[in-house]
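Notes follow once the structure below has been shown.
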Amino acid sequence: MAQRPANGPAWPETLIGLGLLGVAGVVWWQTAAIATSPLYAKVGPRIFPYLTAIGLAVLAAAMVVAGLRGGWQTDEERAVATDWRAVGFVAAGLLCNVVLIGPAGFTLASVVMFVLVAHGFGSRAPLRDGAIALVFALAAYFGFAKALGVNIGAGPLERVVERLLGA
Amino acid sequence: METLAQLGTGFGVALSPENLLWCLLGTTLGTAIGVLPGLGPALTIALLLPITFQVPPTAAFILFAGIYYGAMYGGSTTSILLNTPGESATIVTALEGNKMARSGRAGAALATAAIGSFVAGTVGTLGITFLAPVVANFALSFGPAEYFSLMVLAFVTVSAVLGSSAVRGVAALFFGIWLGLIGIDLQTGQARFTFGLDELLDGVNVIVVAVGLFAVGETFYVAARRHAGKDEILPLRGSLYMTREEWSRSWKPWLRGAAIGFPIGAMPAGGSEVPTFLSYWAEKKLSKHPEEFGTTGAIEGVAGPEAANNASAAGVLVPMLTLGLPTGATAAIMLSAFQSYGINPGPLLFQSQPALVWGLIASLYIANVMLLVLNLPLVGLWVRILRVPPPLLYAGILVFATIGTYGISNSAVDLILLYVIGAIGFVMRRYDFPAAPVVIGMILGPLAEQEFRRAMTISNGDWSVLVTQPLSATMLVLAGLALVGPMVWRVARRG
Numbered sequence: 000m001a002q003r004p005a006n007g008p009a010w011p012e013t014l015i016g017l018g019l020l021g022v023a024g025v026v027w028w029q030t031a032a033i034a035t036s037p038l039y040a041k042v043g044p045r046i047f048p049y050l051t052a053i054g055l056a057v058l059a060a061a062m063v064v065a066g067l068r069g070g071w072q073t074d075e076e077r078a079v080a081t082d083w084r085a086v087g088f089v090a091a092g093l094l095c096n097v098v099l100i101g102p103a104g105f106t107l108a109s110v111v112m113f114v115l116v117a118h119g120f121g122s123r124a125p126l127r128d129g130a131i132a133l134v135f136a137l138a139a140y141f142g143f144a145k146a147l148g149v150n151i152g153a154g155p156l157e158r159v160v161e162r163l164l165g166a
Numbered sequence: 000m001e002t003l004a005q006l007g008t009g010f011g012v013a014l015s016p017e018n019l020l021w022c023l024l025g026t027t028l029g030t031a032i033g034v035l036p037g038l039g040p041a042l043t044i045a046l047l048l049p050i051t052f053q054v055p056p057t058a059a060f061i062l063f064a065g066i067y068y069g070a071m072y073g074g075s076t077t078s079i080l081l082n083t084p085g086e087s088a089t090i091v092t093a094l095e096g097n098k099m100a101r102s103g104r105a106g107a108a109l110a111t112a113a114i115g116s117f118v119a120g121t122v123g124t125l126g127i128t129f130l131a132p133v134v135a136n137f138a139l140s141f142g143p144a145e146y147f148s149l150m151v152l153a154f155v156t157v158s159a160v161l162g163s164s165a166v167r168g169v170a171a172l173f174f175g176i177w178l179g180l181i182g183i184d185l186q187t188g189q190a191r192f193t194f195g196l197d198e199l200l201d202g203v204n205v206i207v208v209a210v211g212l213f214a215v216g217e218t219f220y221v222a223a224r225r226h227a228g229k230d231e232i233l234p235l236r237g238s239l240y241m242t243r244e245e246w247s248r249s250w251k252p253w254l255r256g257a258a259i260g261f262p263i264g265a266m267p268a269g270g271s272e273v274p275t276f277l278s279y280w281a282e283k284k285l286s287k288h289p290e291e292f293g294t295t296g297a298i299e300g301v302a303g304p305e306a307a308n309n310a311s312a313a314g315v316l317v318p319m320l321t322l323g324l325p326t327g328a329t330a331a332i333m334l335s336a337f338q339s340y341g342i343n344p345g346p347l348l349f350q351s352q353p354a355l356v357w358g359l360i361a362s363l364y365i366a367n368v369m370l371l372v373l374n375l376p377l378v379g380l381w382v383r384i385l386r387v388p389p390p391l392l393y394a395g396i397l398v399f400a401t402i403g404t405y406g407i408s409n410s411a412v413d414l415i416l417l418y419v420i421g422a423i424g425f426v427m428r429r430y431d432f433p434a435a436p437v438v439i440g441m442i443l444g445p446l447a448e449q450e451f452r453r454a455m456t457i458s459n460g461d462w463s464v465l466v467t468q469p470l471s472a473t474m475l476v477l478a479g480l481a482l483v484g485p486m487v488w489r490v491a492r493r494g
């Protein structure tokens with residue numbers, strides 16, 4: 000990778016390093032909490048987790064250093080500003096999905112998520128997207144999910160369609 | 000001779016009407032997801048993992064292998080017509096292939112890619128047929144120490160050698176290993192890293208991690224930079240049939256690509272980026288038309304790397320089947336499918352499940368023939384798939400991601416975990432961390448721990464067994480060299 004001239008610390012990269020250092024700390028702390036029996040003292044369940052924590056900590060420290068020296072993100076990537084509005088709509092879609100899938104069922108939750116995500120990606124036809132999503136989600140529910148034999152929780156809408164199909 | 004007899008039995012399995020249908024389904028689906036940017040074989044197979052509860056193992060693996068091979072074929076179409084590599088392995092194809100399409104020779108580029116994929120895929124499958132039993136025989140002598148050291152070697156090569164940075168690659172690997180350690184420790188029954196959540200006692204599901212990284216993370220990433228240049232789809236022009244000159248310029252690169260790709264894929268290092276770049280470099284050096292490289296597009300630069308890509312994809316299946324050692328994200332997910340059936344890939348697989356192994360290998364030959372047909376005469380169909388508008392494509396991917404994850408246990412915890420891993424995947428993508436080592440570490444980490452503890456139990460806690468047994472020591476030395484070598488090389492070159 001091309002080395003860029005040092006132009007002060009790159010804070011996102013430094014933060015990633017610090018965050019990973021935090022993860023290493025949590026891994027270490029939780030490893031210490033694993034109960035061990037003296038029987039397994041030599042080859043117990045803690046050795047690998049400790050090695051993982053040490054590895055993460057060393058690499059995180061290296062990243063903090065690299066971050067303070069100007070970071071490693073490629074110029075191409077750095078030049079593209081994050082479209083937070085688009086990311087926000089995708090995140091909102093996912094959030095709605097988690098909240099709605101229990102009470103409203105898979106299909107309705109999917110339609111809401113689909114419309115929000117498509118909007119985030121620049122689509123400006125929510126009704127059309129919603130209609131596509133409805134057909135798509137029902138097809139996915141009755142085709143893909145049933146074929147795979149997974150149960151993804153039927154809501155009111157799925158029950159209605161099931162009754163219609165059964166009739 | 001024994002191998003041929005076994006292969007014959009395998010064809011008996013693979014040619015049953017039902018298995019032919021699975022193969023056709025897999026290759027078709029694989030081509031489609033290979034063509035679509037943002038979807039890859041690892042994600043697709045992860046979403047289809049629940050099928051392992053429904054169908055016999057042979058059918059599932061024929062389906063998965065078809066998807067895996069199909070994605071390699073489909074990826075080239077996207078690289079040539081859109082200049083956005085559908086898979087990391089087809090980055091090199093985009094270099095010359097897109098130039099050819101721009102100068103009106105898209106048809107010839109697609110043809111040499113598809114036929115080259117067929118030739119190399121078949122050579123690679125022949126390689127599996129004759130190499131795999133040999134490796135399996137050799138691996139019968141491996142003890143826990145050898146297995147552990149072999150896994151360390153694979154860890155180093157997949158995370159530190161491939162990719163742009165050893166630090167970020169190994170960090171991704173350790174993160175994956177940690178994810179793999181979450182849950183009940185099988186040897187002592189102790190819960191590890193469950194943070195008091197009952198949902199985590201069974202461990203983090205690989206579907207959640209793979210779908211989070213490859214579907215949710217990718218969606219965030221594409222959304223975040225959706226204004227960063229639009230790619231145009233080039234029209235499909237030029238005859239799909241190659242001229243006599245194009246044939247004569249293609250066949251040697253195909254064979255060279257296969258010769259470069261298969262051995263590298265079959266090594267415990269794996270990866271398809273290295274062989275494709277090597278092949279591109281070789282063809283550029285050997286070509287009689289070096290002036291076409293990077294200008295109007297040289298057909299050798301498509302034929303060679305495409306062949307190398309498919310041969311290395313075949314090669315990756317050798318360590319996967321004979322050693323249980325996945326060296327790519329897709330192979331790691333296939334390994335978890337084996338685990339879901341309670342089958343342990345490894346040297347004994349060839350004795351315990353001959354119908355499965357040889358049926359799978361035979362189906363690879365059939366898949367190659369199907370893919371040649373799917374990708375040459377029907378290429379127009381796939382071009383149409385490229386026209387799915389991104390808003391609908393990515394919204395649809397998230398709907399499938401929901402089915403794949405929520406379907407596991409109907410738990411909102413899984414969905415939340417999926418989105419958290421998706422957010423991590425987004426940051427990783429934006430800051431150039433590779434995702435494959437996470438999946439490999441997650442699957443292979445617990446297996447490495449198991450072998451390590453077995454070795455320690457046998458040696459009574461004496462760590463030196465890892466270096467006193469010659470085979471194990473050799474592999475650890477190789478791993479050390481692979482880890483430090485590039486750094487030393489860089490320092491030496493600078494100084």
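First to last, the sequence lines map onto chains D and W. Per numbering that gives the first Met the number 0, the very first residue in the first sequence carries number 0; after that it's consecutive. Per numbering that gives the first Met the number 0, the very first residue in the second sequence carries number 0; after that it's consecutive. For glycine and all other residues, C-beta sits at the position ideal for the given N, C-alpha and C. This one's a predicted model, so the numbers in the text were calculated from it and none came from an experiment.
Between P8 (chain D) and L67 (chain D), the C-beta gap is smaller than 8 Å, which places the two residues in contact. Interface criterion not met: the Cβ of I439 (chain W) is under 8 Å from no Cβ in chain D. Residues of the stretch 372-399 of chain W with a Cβ closer than 8 Å to any Cβ of chain D, in chain order: P388, P389, P390, L391, Y393, A394, G395, L397, V398 and F399. For W177 (chain W), the nearest CB of chain D lies under 8 Å from its own CB, placing it at the interface with that chain. In the DSSP assignment, H226 (chain W) falls outside any alpha helix (DSSP H), carrying neither H nor E. Any Cβ of chain D closer than 8 Å to the Cβ of D197 (chain W) would place that residue at the interface, and such an atom is absent. Setting aside the 5 residues that flank it on each side, L6 (chain W) is surrounded in the same chain by T128, W357, I360 and A361, each with a C-beta closer than 8 Å to its C-beta; the list follows chain order. For R104 (chain W), the secondary structure class from DSSP, reduced to helix, strand or coil, is coil. DSSP places Q449 (chain W) inside the alpha helix (DSSP H), whose first and last residues are A435 to I457. Taking every protein chain shown into account, the CB of D128 (chain D) has 16 or more other CB atoms within 10 angstroms, so this residue is buried. Q350 (chain W): member of the alpha helix (DSSP H) spanning L348 to S351, first to last residue. Annotation: Cβ neighbours of D82 (chain D) in chain W (cutoff 8 Å, chain order): A222, A223, R224, R225 and H226. The count of Cβ pairs closer than 8 Å, one atom from the stretch 150-157 of chain D and one from the stretch 93-108 of chain D, reaches three, so the stretches are in contact. From the listed residues W:S102, W:A214 and W:N97, the smallest Cα separation to T76 (chain W) is found for W:N97. Taking the CA atoms as reference points, R255 (chain W) sits about 11 Å from L285 (chain W). Residues of chain W with a Cβ closer than 9 Å to the Cβ of P155 (chain D) do not exist, since the nearest Cβ in that chain sits about 17 Å away. Using a Cβ-Cβ cut-off of 8 Å, R101 (chain W) is close to nothing in chain D; its nearest Cβ partner there is about 21 Å away. Beta-bridge partners assigned by DSSP to I183 (chain W): W:A190. Distance from the Cα of S410 (chain W) is smallest, within the candidate group D:N96, D:P48 and D:G87, for D:N96. Taking 8 Å as the cut-off between beta carbons, the residues of the stretch 57-72 of chain D near chain W are L58, A59, A61, M62, A65, W71 and Q72, in sequence order.
Identification of residues in the stretch 92-105 of chain D having a C-beta nearer than 9 Å to some C-beta of chain W yields G92, L93, L94, N96, V97, V98, I100, G101 and F105, given in sequence order. W:F399 is the residue among W:L416, W:F399, W:A70 and W:T467 whose C-alpha sits nearest the C-alpha of P49 (chain W). Excluding five sequence positions before and after L277 (chain W), the CB atoms of its chain that fall closer than 6 Å to its own CB belong to I259, given in chain order.
The criterion of a C-beta distance shorter than 8 Å is satisfied by F120 (chain D) and P390 (chain W). Here DSSP, grouped into helix, strand and coil, assigns R167 (chain W) to helix. Shown here is that no member of the stretch 461-475 of chain W has a Cβ falling below 7 Å from a Cβ of chain D. Secondary structure in the stretch 336-377 of chain W: the alpha helix (DSSP H) runs of 4 residues or longer, each lying completely within the stretch, are 348-351 and 353-374 in chain order. According to the DSSP assignment, G323 (chain W) belongs to no alpha helix (DSSP H), since it is labelled neither H nor E.
Look at D461 (chain W) here: in three-state DSSP terms it is coil, with no helix or strand label. In the three-state reduction of the DSSP assignment, E198 (chain W) falls in the helix class, which pools H, G and I. Between the alpha carbons of D201 (chain W) and G182 (chain W) lies a gap of roughly 5 Å. Here D197 (chain W) is exposed: its Cβ has fewer than 16 other Cβ atoms, across all protein chains shown, within 10 Å. Close to Y405 (chain W), with beta-carbon spacing below 8 Å, are these residues of chain D in chain order: I100, F105, I151 and G152. Residues of the same chain with a CB within less than 7 Å of the CB of L320 (chain W), apart from the 5 flanking positions on each side, are A131, P344, L348 and V356 in chain order.
Distance from the CA of A132 (chain D) to the CA of S109 (chain D), rounded to the nearest whole angstrom, comes to 7 Å. Within the same chain, A361 come within 7 Å of F10 (chain W) by CB-CB distance, once the 5 residues on both sides are set aside.
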